[in-house]
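For the record, the sequence lines run as chains H and S.
Numbering-wise (the numbering used here), the first sequence opens with residue 460 and increments by one.
Numbering-wise (the numbering used here), the second sequence opens with residue 254 and increments by one.
Here the structure comes first, spelled out in structure tokens, and everything after it is commentary.
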Amino acid sequence: MRYMLLMYGIEGDENGAPEQVVPAAEPEEPCWAPWQREMSSRPVMLIGGGRLQPSTTATTVRASGSEVLVADGPFAETKEQVLGFDIIECADLDEAIHVASRHPVAQHGGAVEVRPVLEMPDHPAQPELTIGS
Amino acid sequence: MPSEGHRDTKAGGQSGEAAVTSPQAGSRAPVPRSSDPKVEAAVAEAFRQEWGRVVATLIRMTGDWDLAEECAQDAFATALAKWTPDGIPDRPGAWLTTTARNRSLDRLRRTKTEAAKLQEVAALNVPAEAPPADDSGVTDDRLRLIFTCCHPALILEARVALTLRTLAGLTTAEIARAFLVPEPTMAKRLVRAKHKIRDAGIPYRVPPAHLLPERTSGVLAVLYLLFNEGYSASAGDDLLRPDLTAEAIRLTRLLARLMPDEPEATGLLALMLLQDARSDARLDERGDLISLEDQDRTRWDQAEISEGRALLEAALRRQQAGPYQLQAAIAACHADAATPADTDWAQIALLYERLGQLVPSPVIELNRAVAVAMAEGLEAGLSAVQSLEEGGELAGYYLLPATRADLLRRLDRLAEAAEAYREALSLAATGPERRFLTRRLAEVGGS
């Protein structure tokens with residue numbers, strides 16, 4: 460079985476958020492590193508995780524055929540629920556919007572929130588994790 | 254003709270952004286003074302002509318919007334200090350761009366972070382001249398800038414504000430005044446938009462061919478919104494904001510020049526000029542609205558009308574009549590009529606019909622109803638207005654009861670007219686609109 464963990468919390472309230480980590484002088488270990496180490500020794504993680512950019516960077520996409528409706532901001536309806544997820548690699552937001560607009564959920568009356576994943580240049584990327592055997 | 258409702262069709266029927274009132278907004282960003290008036294004038298002119306280009310090029314080279322704006326500002330300040338009356342560069346734009354670029358490299362060198370080093374290397378390796386072509390074949394950095402500022406993933410208010418800030422060079426304070434929001438609110442809006450561009454990966458480019466039509470219409474919509482806020486503010490006491498209309502015309506002129514194969518850009522410019530030509534005649538000495546029918550047509554700006562007409566004809570020759578060209582054609586019908594009685598209402602009704610087919614909108618239907626009333630008879634127009642009211646889509650839009658009131662007034666059904674004027678008054682937004690309706694109400698014997 461596969462599980463996805465969706466982390467909820469208050470934005471800007473995270474302990475040890477990357478911008479608060481001082482990278483240069485005294486390389487301090489980010490708060491998620493021990494968890495990451497522990498989990499990398501246990502073949503539970505299928506896809507590299509990540510932290511999302513704040514919701515102010517979100518874009519919500521709805522579509523009907525080739526007509527695409529793009530809106531600034533996160534998905535804000537209350538009656539719909541999270542149905543699934545994908546992690547995609549795109550050149551820029553235009554490509555991501557295109558991919559989102561072709562998704563069946565977007566095409567069938569739902570919406571897809573496009574949220575960039577925070578890049579963390581001062582720390583090594585997530586270790587490449589292979590599909591657990 | 255009744256309605257000032259007629260005069261400006263907002264194709265979508267919404268004008269979006271909040272209102273505009275301050276008389277000073279729209280003046281240029283303050284440039285420090287030089288001791289020499291000739292130098293000062295040359296720098297001010299360069300600011301008008303080159304600001305957008307310098308910022309646009311710096312953004313492409315550094316990828317950093319704030320750095321680009323700050324270094325552009327520095328470059329203009331340096332010009333004031335260094336230019337002499339006999340030493341004004343032949344190509345001020347190139348001089349300013351080089352100065353701003355050197356400034357940005359200095360600043361990146363002083364910031365010792367890895368990110369800044371990477372930025373510096375990138376900036377050093379980017380040619381100052383724009384690369385020959387995008388997918389679209391377009392080379393001007395300002396076009397990249399305007400498409401990025403008007404990206405649909407930004408909120409509409411931010412698109413307008415960013416365009417005014419980065420491309421037109423208005424200060425944050427000026428934009429805040431223009432849209433009646435506190436300066437910190439506007440500053441936050443601009444910062445948030447720039448962060449979103451950076452963090453969400455909004456590309457700095459002219460969209461590829463398959464996205465271009467849709468994205469171009471998004472840019473035109475922002476420019477027309479800007480014009481409309483200047484031409485009929487959606488709230489506040491001043492109906493006209495000539496500074497905003499002038500900015501909108503200037504930016505649209507630029508866009509039309511940069512996209513010569515896009516007839517809708519030319520069409521929008523024609524529309525703005527044809528509407529702007531009437532601005533002197535639209536308000537009386539008290540700042541009250543004068544209906545199109547009652548305007549002194551000798552006060553219409555003939556230079557703007559002939560330029561608008563020539564642009565429209567050139568655009569229509571391309572045989573791709575879009576919403577802006579059709580609206581410009583309607584405005585041209587009014588401009589062509591020496592007196593209200595000469596107006597070709599049948600042609601206008603036809604143009605509205607085509608417009609409504611391209612962009613279905615109850616506001617366009619309302620305008621068509623008015624043209625039908627004038628072409629075929631008041632009763633026909635009135636029944637069209639009534640069916641719109643039954644449709645309910647325009648509930649709360651003051652021009653709907655105002656139009657009904659006007660038709661009833663012309664039919665001499667004064668009591669019903671008075672009632673409709675009162676209904677319109679309860680909905681009208683700006684002072685002048687309210688005074689216009691109050692005056693009409695008194696004329697039909699209501700009070």
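In this text, a Cβ means the ideal position worked out from N, Cα and C, and glycines have one as well.
Neighbourhood of residue i by C-beta, 6 Å cutoff - its chain only, sequence neighbours within 5 removed
i                : result
Pro533 (chain H) : Ser514, Ala517, Glu572
Thr310 (chain S) : Thr350, Asp394
Val526 (chain S) : The sequence shown places Leu at residue 526 (chain S), not Val. Glu557, Glu560, Gly561, listed in sequence order.
Ser275 (chain S) : Below a pLDDT of 50, predicted positions are generally treated as unreliable, and Ser275 (chain S), at 34, falls in that range; no measurement from the model is reported.
Arg574 (chain H) : Leu511, Ala517
Gln566 (chain H) : Ala522
N-terminal and C-terminal residue of the alpha helix (DSSP H) that residue i is part of
i                : result
Arg363 (chain S) : 345-363
Glu572 (chain H) : From DSSP, Glu572 (chain H) is part of no alpha helix (DSSP H) but of the beta strand (DSSP E) over 571-573.
Asp289 (chain S) : Looking at the DSSP string, Asp289 (chain S) is not in any alpha helix (DSSP H), and its letter there is neither H nor E.
Glu322 (chain S) : 318-335
Tyr674 (chain S) : 667-678
Leu604 (chain S) : 598-611
Glu560 (chain S) : 555-569
Pro654 (chain S) : 652-663
Gln580 (chain S) : 576-589
Gly471 (chain S) : 465-484
Cys402 (chain S) : 394-402
Phe689 (chain S) : 684-696
Leu524 (chain S) : 516-529
Ser514 (chain H) : No alpha helix (DSSP H) contains Ser514 (chain H), which DSSP labels as neither H nor E.
Continuous beta strand (DSSP E) stretch holding residue i: start and end
i                : result
Ala530 (chain H) : 526-531
Thr519 (chain H) : 518-523
Glu539 (chain H) : No beta strand (DSSP E) holds Glu539 (chain H); DSSP gives it neither H nor E.
Val413 (chain S) : Premise fails: Val413 (chain S) lies in the alpha helix (DSSP H), 409-415, not in any beta strand (DSSP E).
Proximal residues of chain H, C-beta to C-beta of residue i below 8 Å
i                : result
Pro456 (chain S) : Ala550, Asp551, Leu552, Asp553
Ala414 (chain S) : Within 8 Å Cβ-Cβ: nothing; Ala414 (chain S) doesn't reach chain H, min ~13 Å.
Pro460 (chain S) : Asp553
Beta-carbon neighbours of residue i, restricted to chain S and to distances below 8 Å
i                : result
Val541 (chain H) : Per Cβ cutoff of 8 Å: no residues; Val541 (chain H) is ~20 Å from chain S at best.
Sequence-distant residues of the same chain with beta carbon closer than 7 Å to residue i, five excluded per side
i                : result
Ala591 (chain S) : Arg550
Ala599 (chain S) : Ala628
Ala670 (chain S) : Ala658, Leu661, Arg662, Val697
Pro426 (chain S) : In the sequence on display, residue 426 (chain S) carries Ala and not Pro. Contacts found: Glu436.
Leu473 (chain S) : Glu517, Ala518, Leu521, Tyr577
Arg442 (chain S) : Glu410, Ala411, Ala414
Ala501 (chain S) : Leu476, Leu479, Phe480, Gly483, Met525
Pro338 (chain S) : Asp289, Lys291, Val292
Nearest residue (CA-CA) to residue i, options the options
i                : options                                : result
Ala555 (chain H) : S:Pro338, S:Ala406, S:Asp343, S:Leu396 : S:Ala406
Asp545 (chain H) : H:Thr537, H:Asp553, H:Val558           : H:Val558
Asp551 (chain H) : S:Val374, S:Leu398, S:Ile450           : S:Ile450
Ala453 (chain S) : H:Gln566, H:Cys549, H:Ala535, H:Ser560 : H:Cys549
Thr596 (chain S) : S:Ser614, S:Val616, S:Val625           : S:Val625
Leu478 (chain S) : S:Thr416, S:Arg552, S:Val434           : S:Thr416
Ser485 (chain S) : S:Arg666, S:Glu686, S:Gly699           : S:Glu686
Lys303 (chain S) : S:Arg675, S:Asp289, S:Ala568, S:Ala353 : Note that residue 303 (chain S) corresponds to Glu in the displayed sequence, not to Lys. Considering only alpha carbons, the answer is S:Ala353.
Gln528 (chain S) : S:Phe480, S:Leu507, S:Arg570, S:Thr505 : S:Phe480
Ala499 (chain S) : S:Gly483, S:Pro513, S:Leu508           : S:Gly483
Arg535 (chain S) : S:Cys586, S:His587, S:Trp553           : S:Trp553
Ala582 (chain S) : S:Leu524, S:Val434, S:Thr315, S:Ser532 : S:Leu524
Chain-ordered neighbours of residue i on chain H, where CB pairs are closer than 9 Å
i                : result
Lys447 (chain S) : The contacting residues do not exist; Lys447 (chain S) stays about 11 Å from chain H at best.
Leu608 (chain S) : The premise fails here: Leu608 (chain S) is roughly 20 Å from chain H at the closest Cβ pair, so nothing lies under 9 Å.
Pro513 (chain S) : Those do not exist, as Pro513 (chain S) stays about 24 Å from chain H at its closest Cβ, beyond 9 Å.
Residue i versus residue j - alpha carbon distance
i                : j                : result
Val541 (chain H) : Thr519 (chain H) : 13 Å
Glu632 (chain S) : Gln578 (chain S) : 30 Å
Trp336 (chain S) : Pro342 (chain S) : 8 Å
Gln277 (chain S) : Ala446 (chain S) : With a pLDDT of 36 at Gln277 (chain S), under the threshold of 50, the modelled position of that residue is not reliable, and the figure given next carries that caveat. For Gln277 (chain S) and Ala446 (chain S), the distance between alpha carbons rounds to 25 Å.
Gln572 (chain S) : Ala368 (chain S) : 50 Å
Cys403 (chain S) : Gln639 (chain S) : 37 Å
Leu508 (chain S) : Pro460 (chain S) : 14 Å
Ser499 (chain H) : Ile455 (chain S) : 33 Å
Gly634 (chain S) : Pro615 (chain S) : 14 Å
Ser679 (chain S) : Glu642 (chain S) : 16 Å
Leu604 (chain S) : Asp531 (chain H) : 34 Å
Ile408 (chain S) : Asp289 (chain S) : 43 Å
Glu293 (chain S) : Thr331 (chain S) : 12 Å
Leu511 (chain S) : Leu396 (chain S) : 7 Å
Sequence-distant residues of the same chain with beta carbon closer than 8 Å to residue i, five excluded per side
i                : result
Gly390 (chain S) : Because Gly390 (chain S) sits at a pLDDT of 46, beneath the cut-off of 50, its placement in the model cannot be relied upon, and the following sentence gives the value as read from the coordinates. Excluding residues within five positions, none has a Cβ falling inside 8 Å.
Glu539 (chain H) : Gly569, Ala570
Arg281 (chain S) : Any reading at Arg281 (chain S) is ruled out, since the residue's pLDDT is 44, under 50, leaving its predicted position unreliable.
Leu361 (chain S) : Thr315, Leu320, Ala369, Lys370, Gln372, Glu373, Ala376
Per-residue contacts from residue i into chain S (C-beta, under 9 Å)
i                : result
Val571 (chain H) : Going along chain S, no residue has its Cβ under 9 Å from Val571 (chain H), so there is no contact; the nearest lies around 13 Å.
7 Å Cβ cut-off: residues of chain H touching residue i
i                : result
Asp452 (chain S) : Gln512, Thr516, Pro575
Leu396 (chain S) : The contacting residues do not exist; Leu396 (chain S) stays about 16 Å from chain H at best.
8 Å Cβ cutoff, residue i in contact with chain B
i                : result
Asp531 (chain H) : No chain B appears in this structure, whose protein chains are H and S.
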